[in-house]
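Q: Let me give you the structure first, and then I'll get to my questions.
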Amino acid sequence: MHNTFIAIIQGIVEGLTEFLPVSSTGHLILSGQLLGFTGDKADTFEIIIQLGAILAVAIIYWRRILGLLGLKTVETGEAVQSGQPKLNLLHVILACLPAMVLGLALHSVIKTYLFSPYTVLAGLVLGGGFMLLGQKKQTAVQAATIDQLSYKQAVSIGLFQCLSLWPGFSRSGATIAGGLLSGASYSAATNFSFLIAIPMMIAASGFELLKSIHTLNASDAGFFLTGFIVAFVVAFLAVITFLKLLERLKLAPFAYYRFVLAAVFLVYLLSQ
2 MHNTFIAIIQ GIVEGLTEFL PVSSTGHLIL SGQLLGFTGD KADTFEIIIQ
52 LGAILAVAII YWRRILGLLG LKTVETGEAV QSGQPKLNLL HVILACLPAM
102 VLGLALHSVI KTYLFSPYTV LAGLVLGGGF MLLGQKKQTA VQAATIDQLS
152 YKQAVSIGLF QCLSLWPGFS RSGATIAGGL LSGASYSAAT NFSFLIAIPM
202 MIAASGFELL KSIHTLNASD AGFFLTGFIV AFVVAFLAVI TFLKLLERLK
252 LAPFAYYRFV LAAVFLVYLL SQ
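For any residue, its number in our numbering is found by taking its place in the sequence shown, counting from 1, and adding 1.
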């Protein structure tokens, strides 16, 4: 019963935070500390439930994904600026490559030195500050829709995504704020952020799963499945809700939430 409770709680945390600009990794590390759920099994569980979140966003964007793969024509009805190609697979590759290469090169360093509660709290604060910067310094919109993004903007967003290699910084926070600084609208930046999350998370989760496959046990199948399903359902609802609210809420409320969360957990950690 205790394992089921942990699976549900961590599944909810993953589903709510994976695609919101608040850092799912940071939240899972902090909630794992509270639940006493740490170690190799916890690390593997986090990978499994991330796959549930990936499936949710892949279903939401299935038409766009098939279009990028040349398997379906995507009729968006969106005007494309002269001289700029409609969103294609090269945009996605250019945006994913920097973080994939840097993440692979620094993997052992990140795992060794940056996955502690205190470094996560630092990431929450720094990421929140960057989100406020992106909102305040947003440049003139050059891409109102995802199909108006240029290759240069894709590269720029990809470079900003490298900031999220610091646990707690938030991949979606870095890419959405980076998109605003690159001349994308909130809608374009958010949709592109969610879209490039799919290959990024598949690559990262696949790599980590191969390294931790020895920790998988048939007796844990129900535990992992529960977390996977909960993360899928919650992530699906969270993404749909966030897409509707972002234009009105902007990034500031999520940044302030990160500051409060960091302060609360700092007090908790210091009291232990």
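Glycine is no exception: its CB is placed at the ideal position from the N, C-alpha and C atoms.
1. Would you mind stating whether residue 161 and residue 141 have Cβ atoms separated by less than 8 Å?
2. Could you tell me which of 224, 231, 247 and 254 sits nearest to residue 38, measuring between CA atoms?
3. Around the Cβ of residue 47, are there at least 16 other Cβ atoms within 10 angstroms (buried) or fewer (exposed)?
4. Could you tell me which of 54, 177, 167 and 36 sits nearest to residue 17, measuring between CA atoms?
5. Within its chain, find whatever has a CB closer than 6 Å to the CB of residue 173; leave out the 5 residues flanking it on each side and keep chain order.
6. Helix, strand or coil: how does DSSP classify residue 144 here?
7. Three or more C-beta pairs under 8 Å: does that hold for the region 101 to 110 against the region 142 to 149?
8. Thinking C-beta only, is residue 159 closer than 8 Å to residue 98?
9. Can you tell me the Cα-Cα spacing of residue 58 and residue 236, whole angstroms?
10. Does the region 206 to 220 come close enough to the region 126 to 143 to have 3 or more Cβ pairs within less than 8 Å?
11. I'd like the list of long-range same chain contacts for residue 33, defined as Cβ closer than 6 Å, with 5 residues on each side in sequence excluded.
12. Cα separation between residue 263 and residue 118?
13. Can you round the beta-carbon distance between residue 135 and residue 252 to whole angstroms, since I take them to be within the 8 Å contact cut?
14. Might you give, ordered along the chain, the residues of its own chain that have their beta carbon closer than 7 Å to the beta carbon of residue 13, omitting 5 neighbours on each side?
15. Which same chain residues, not among the five before or five after residue 95, have their C-beta less than 7 Å away from its C-beta?
16. Out of 120, 62, 127 and 25, point me to the one whose CA is closest to residue 257's CA.
17. Please name the residue, chosen from 41, 7, 125 and 210, that lies closest to residue 166 on a Cα-to-Cα basis.
A: Taking the structure as given:
1. Residue 161 sits at position 160 when you count from the first residue of the sequence shown. Residue 141 sits at position 140 when you count from the first residue of the sequence shown. No, Cβ-Cβ distance for residue 161 and residue 141 is not below 8 Å.
2. Translated into positions along the sequence shown, residue 38 becomes position 37. Ranked by Cα distance from residue 38, the options 224, 231, 247 and 254 are led by 224.
3. Residue 47 sits at position 46 when you count from the first residue of the sequence shown. Buried is the call here.
4. Working through the sequence shown from its first residue, we reach residue 17 at position 16. Minimum Cα-Cα distance from residue 17 among the listed residues 54, 177, 167 and 36 corresponds to 54.
5. Here residue 173 refers to the residue found at position 172 of the sequence shown. Result list for residue 173: 20, 22 and 194, in chain order.
6. The sequence position of residue 144 within the sequence shown is 143, counting from 1. It is a strand residue.
7. Judged by Cβ distances under 8 Å, the region 101 to 110 makes no contact with the region 142 to 149, as fewer than three pairs qualify.
8. Locating residue 98 in the sequence shown gives position 97, counting from the first residue. Locating residue 159 in the sequence shown gives position 158, counting from the first residue. Their beta carbons are under 8 Å apart, which means residue 98 touches residue 159 by this criterion.
9. As a first step, residue 58 must be located in the sequence shown, where it is residue number 57. As a first step, residue 236 must be located in the sequence shown, where it is residue number 235. So the two alpha carbons sit approximately 7 Å from each other.
10. No: fewer than three Cβ pairs fall under 8 Å.
11. In the sequence shown, residue 33 corresponds to position 32, counting from 1. The beta carbon of residue 33 sits closer than 6 Å to those of 39 and 43, all from its chain and outside the five residues before and after it, given in chain order.
12. Stepping through the sequence shown from its first residue, residue 263 is reached at position 262. Stepping through the sequence shown from its first residue, residue 118 is reached at position 117. Our two residues, residue 263 and residue 118, have alpha carbons roughly 10 Å apart in a direct line.
13. On the sequence shown, position 134 is the one that residue 135 refers to. On the sequence shown, position 251 is the one that residue 252 refers to. Confirmed, about 6 Å.
14. Within the sequence shown, the letter at position 12 stands for residue 13. Taken in chain order, the residues that qualify are 231 and 235.
15. Mapped onto the sequence shown, residue 95 falls at position 94. Listed in chain order, the non-local C-beta contacts of residue 95 below 7 Å within the same chain comprise 152, 155, 156 and 159, local neighbours out to five positions each way being set aside.
16. Indexing the sequence shown from 1 puts residue 257 at position 256. Its Cα nearest to that of residue 257, the residue 127 stands out among 120, 62, 127 and 25.
17. As a position in the sequence shown, residue 166 is number 165, starting the count at 1. When only C-alpha atoms are compared, the closest one is 125.
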